[in-house]
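Colleague: Below: one structure in structure tokens.
Residue numbers (our numbering): 183 to 451.
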């Protein structure tokens, strides 16, 4: 199905690149429109996609419409295509904080709509997205969206839309928590005598390696941790500091705080 991107920002570009690289779609099957014509021309030149002069033209040429505009611009974007979209269109929103009910009200009609919470690692093809499909969607719609987002990582369906708040607190905001931990690892190693470039190289490889091992192992994170932490050894000494500083509960509270903020922002929107 021909897919259009209403807005061609960073996440839209990541999806376009992923769809082409995975051969899910050909460039001629992808359409884009952006009020920023310079940005649109750059995307067209880089990926050889089809471009449209108006949002209406985009809607006319696309069966699936990815609404990749900022939340504050969503109402206006939907107004421009309101007369064009119909029951044959599948709309996909990646705008944070806007529920499917809110977007449907903005559209002014019943629509097939999937709301997605992606994250920034999608920019390098390793994203983690949660999605929720409204009652108007069919199984093919869900598979369609899953295929789009699996071109840049993984995509997990949520049966309850409110669960997207938890997805936001975990995978949506999660990369920033990892960056904070990585920065602390690098600083700690530097204070122990390593030069910063070496500390960074080793820290990032350690994080990537540990994540890959967890993905491939049948062991739980706790079991893997126990295998590294020999009694009386260096790892145990480090883990004791994390324990005394309440590291585990701090991370739990971090996820809860971000989830709660997602709920609050949804009410504001």
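Glycine included, C-beta positions come from ideal geometry on N, C-alpha and C.
Pick from 378, 364, 414, 419: whose alpha carbon is nearest that of residue 392?
Modeller: Of the candidates 378, 364, 414, 419, the one whose C-alpha sits nearest the C-alpha of residue 392 is 364.
Colleague: Note down the Cα distance separating residue 195 from residue 415, rounded to an integer number of angstroms.
Modeller: Those two C-alpha atoms are separated by around 47 Å.
Colleague: Could you tell me if residue 283 is buried or exposed, where buried requires 16 or more neighbouring beta carbons within 10 angstroms of its beta carbon?
Modeller: Counting Cβ neighbours within 10 Å, residue 283 comes out exposed, since fewer than 16 surround it.
Colleague: Indicate the three-state DSSP secondary structure (helix, strand or coil) for residue 437 in the structure shown.
Modeller: If DSSP states are grouped into helix, strand and coil, residue 437 belongs with the helices.
Colleague: May I ask which residues mark the beginning and end of the alpha helix (DSSP H) holding residue 370?
Modeller: Note, residue 370: alpha helix (DSSP H), 356–373.
Colleague: Could you tell me which residues DSSP pairs with residue 335 in its beta bridges?
Modeller: Paired residues: 309.
Colleague: Which term fits residue 301, buried or exposed, when burial requires 16 or more other beta carbons within 10 angstroms of its beta carbon?
Modeller: It counts as buried.
Colleague: Following the continuous beta strand (DSSP E) through residue 353, name the residue where it begins and the one where it ends.
Modeller: Per DSSP, residue 353 belongs to no beta strand (DSSP E) and is neither H nor E.
Colleague: To the nearest angstrom, how far is it from the Cα of residue 245 to the Cα of residue 214?
Modeller: Near 13 Å, if we compare the C-alpha coordinates of residue 214 and residue 245.
Colleague: Among the residues of its own chain, which have a CB less than 8 Å from the CB of residue 212, if the five just before and after it don't count?
Modeller: Counting only Cβ-Cβ distances below 8 Å, and skipping sequence neighbours, we find 184, 185, 186, 187, 198, 201, 202, 229, 231, 232.
Colleague: What does residue 299 pair with, by DSSP beta-bridge criteria?
Modeller: 312, per the DSSP bridge assignment.
Colleague: Okay, do the stretch 310–322 and the stretch 252–265 touch, 3+ Cβ pairs below 8 Å being the bar?
Modeller: No, because fewer than three Cβ pairs between the stretch 310–322 and the stretch 252–265 fall closer than 8 Å, the two stretches do not touch.
Colleague: Report the partner residues of residue 275 according to the DSSP bridge assignment.
Modeller: In DSSP, residue 275 forms a bridge with 249, 297.
Colleague: Comparing C-alpha positions only, which one of 210, 240, 247, 425 sits nearest to residue 327?
Modeller: Of 210, 240, 247, 425, the residue nearest in Cα terms is 247.
Colleague: Please identify the residue among 355, 318, 316, 421 whose C-alpha is closest to the C-alpha of residue 278.
Modeller: It is 355 whose Cα lies nearest to the Cα of residue 278.
Colleague: What's the C-alpha gap between residue 373 and residue 413?
Modeller: Computed Cα separation, rounded: 25 Å.
Colleague: How many angstroms separate the CA atom of residue 263 from the CA atom of residue 276?
Modeller: In a straight line, the C-alpha of residue 263 is about 17 Å away from that of residue 276.
Colleague: Which of the three DSSP states is assigned to residue 219 in this structure?
Modeller: The answer is helix: DSSP assigns residue 219 an H, G or I state.
Colleague: Residues in the same chain with beta-carbon distance under 6 Å from residue 460, minus the five sequence neighbours each way, listed in chain order, please.
Modeller: The question about residue 460 has no answer, for the chain in this structure spans 183 to 451.
Colleague: In three-state terms, what does DSSP make of residue 185?
Modeller: Correct three-state label for residue 185: strand.
Colleague: Just how far apart, CA to CA, sit residue 380 and residue 411?
Modeller: Straight-line Cα distance between these residues: approximately 24 Å.
Colleague: In the DSSP assignment, find the unbroken alpha helix (DSSP H) run with residue 415 in it and report its ends.
Modeller: Per DSSP, residue 415 belongs to no alpha helix (DSSP H) and is neither H nor E.
Colleague: Measuring CB to CB, does residue 221 end up less than 8 Å from residue 347?
Modeller: No. Outside cutoff.
Colleague: What does residue 233 pair with, by DSSP beta-bridge criteria?
Modeller: Paired residues: 214.
Colleague: Apart from the five residues on each side of it in sequence, which residues of its chain come closer than 8 Å, Cβ to Cβ, to residue 243?
Modeller: Closer than 8 Å at Cβ, skipping near neighbours: 184, 186, 213, 232, 234.
Colleague: How far does the alpha helix (DSSP H) with residue 386 in it extend, from its first residue to its last?
Modeller: Start and end: 378–398.
Colleague: State buried or exposed for residue 459, treating a residue as buried only when at least 16 other CB atoms are found within 10 Å of its CB.
Modeller: Examination of residue 459 is not possible in this model, given that the chain is present from 183 through 451 alone.
Colleague: Are there 16 or more other CB atoms within 10 angstroms of the CB of residue 433, so buried, or fewer, so exposed?
Modeller: Exposed is the call here.
Colleague: Contact check, residue 299 vs residue 350 under 8 Å by CB: the rounded distance?
Modeller: Right, their Cβ atoms sit about 5 Å apart.
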